[in-house]
Structures are given as structure tokens and as C-alpha cells.
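*Asks:* Okay, so the sequence shown: first residue is 88 according to the working numbering, each after it adds one.
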Amino acid sequence: KPKYRDKCVVVGNPVRSQFYNGNPAKGLAFLGFDGKKPLIFVVGGSQGSGEINQLIWDIRRPLAEKYYVAHQVGANSTIGKPDVPGYVQIPFIKDEIADVIAAASLVITRAGAGSLWELSAVGRAALLIPLRGSGTRGDQVKNALYFKEQNAAAVLMDDTIKSQDLLAEIESIVGTERGAALSVKMAQMAKRDSAASIACQIVTLIKKD
88 KPKYRDKCVV VGNPVRSQFY NGNPAKGLAF LGFDGKKPLI FVVGGSQGSG
138 EINQLIWDIR RPLAEKYYVA HQVGANSTIG KPDVPGYVQI PFIKDEIADV
188 IAAASLVITR AGAGSLWELS AVGRAALLIP LRGSGTRGDQ VKNALYFKEQ
238 NAAAVLMDDT IKSQDLLAEI ESIVGTERGA ALSVKMAQMA KRDSAASIAC
288 QIVTLIKKD
């Protein structure tokens, strides 16, 4: 609100240092890929991401013809098992996540704040499918539209999207000038000193007291 503007400081979201040092070669090795084709990393499987899992499953064959696809499906995935070369499923990626993102030409994900700032730290093109509807806070839609307005991400809404729409959008990003521009803009969104800024603000307030 305007009346609080003078009392606010925008510092950005703190991101673990590993996301600024992702290693593409390690990410590809973890996935078992050789780097001969662009990599698409799909973050599905968490709460509300079943739709993403199904959309990707429906187009796995045409995707795998042109790209490598690493699909984080979650521990309780209901889609089928990998049945085409170049398409792999992982329940959950933890320690290697920064390396996998660094190896990717495109990341397809929801639009939670934490995920977006991690993507900005790595500087990778993103296709956002925000969680929306009556059971959500609505923050993901706002996040996604903000990044879209900054030309830092592409956005599709999951209540209208069809698999072929998703495929067409992917093809318009990976290996194109549009995709390269999205990566540059995404990297520019990062605030590397956010943790230090928060600490400085805390120290300043303590000293005032």
C-alpha cells in the first residue's frame, strides 16, 4: 500500500548459493544424458502438479524426438513409466537440482516464489503453468504474470491448456531467439545480495532500538 511504501525495502528472495554455481555437465551426468540434444526439465509431481504430469506424458513421444526430457513426477505419480528413449522420470531431485536446471534449455514448472527465484539465479528460460482456482491463494498467477511482464518467462494457464498447445509453446522457445532472450531476462531478475540485504536491515533496526 502507498502509505507503507517509505517503510518498505525490496530485498528479493534469498536463494541457496548452489543455484549460482550450477554445473550443466554434472546435471547431464546425473540424468544419464550426453548433451547431444537440448534438455527440457519438467517440475511436476508436487501438490497441484498432476495436470503438468499428464500434459507432458501425452506429448512425451514428439518431445523425445527432438529433446531430452527430465520429468520430476513426484513419489505418487499416476502416469505411465518411461517407454521412449530420451525421456526419464525422477520422483524427486534434491542435491542435484541446481545442476539439472543449469543443464536445461527450458524449465517447465508452477510459479511458486521460491522456484522462480531459483530459476533466476541459474538464468534459465521458463514456461510457467501457475496453480490457480478457488483452492489457491492466487499468488502463483500474480507471480507468473509479473515475470511475463518482465519478458522473463512464458506463461500458460492450466485450465485452458491442451497438450498440443504446450508442445507448440515449447517448440517456440527451445533453441530459438525467444528462448535465449527469456534466459537473459530471467537472469536479470536475480538479486544476488538479498540475504546480505536482509541481514543489514535487521542489524540496522537493532541498532536503532
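All C-beta atoms in this analysis are idealised placements derived from N, C-alpha and C, irrespective of residue type, glycine included.
Note that the structure is a prediction, hence the values are computed from the model and not measured.
Are the CB atoms of residue 179 and residue 203 within a distance shorter than 8 Å?
*Replies:* no
*Asks:* Are at least three pairs of beta-carbons, each pair with one atom in the stretch 115-129 and one in the stretch 246-264, less than 8 Å apart?
*Replies:* yes
*Asks:* Need the endpoints of the alpha helix (DSSP H) that residue 234 sits in, please.
*Replies:* 226-236
*Asks:* Report back the beta-carbon spacing between residue 191 and residue 266 to the nearest angstrom; my notes put them in contact at under 8 Å.
*Replies:* So it is not a contact: roughly 11 Å between Cβ atoms.
*Asks:* For the stretch 157-203, which segments carrying the alpha helix (DSSP H) assignment without a break, of at least 4 residues, lie completely within its bounds, in sequence order?
*Replies:* 184-190
*Asks:* Compare the Cα-Cα distances from residue 199 to each of 281, 270, 225 and 247 and report the closest residue.
*Replies:* 225
*Asks:* So if DSSP puts residue 128 in a beta bridge, which residue, or which two residues, is it bridged to?
*Replies:* 157 and 194
*Asks:* In chain order, what residues of the same chain have a beta carbon less than 8 Å from the beta carbon of residue 108, not counting five sequence neighbours either side?
*Replies:* 185
*Asks:* Near residue 176, which residues of its chain fall below 6 Å by C-beta distance, leaving aside the five closest residues on each side in sequence?
*Replies:* 158, 160 and 169
*Asks:* Once the 5 residues before and after residue 285 are set aside, which same chain residues still bring their CB inside 6 Å of it?
*Replies:* 98
*Asks:* Which term fits residue 132, buried or exposed, when burial requires 16 or more other beta carbons within 10 angstroms of its beta carbon?
*Replies:* Buried is the call here.
*Asks:* Do you know how far the Cα of residue 279 is from the Cα of residue 231?
*Replies:* 21 Å
*Asks:* With a threshold of 16 other CB atoms inside 10 Å of the CB of residue 217, please say whether the residue is buried or exposed.
*Replies:* buried
*Asks:* Determine the direct distance from the alpha carbon of residue 294 to that of residue 121, and round the result to whole angstroms.
*Replies:* 54 Å
*Asks:* Assign residue 240 to one of three DSSP states: helix, strand, or coil.
*Replies:* coil
*Asks:* Got a sec? Which residues, its chain only, sit under 7 Å from residue 228 by beta carbon, not counting five neighbours each side?
*Replies:* Within the same chain, residue 228 has close Cβ partners 217 and 219.
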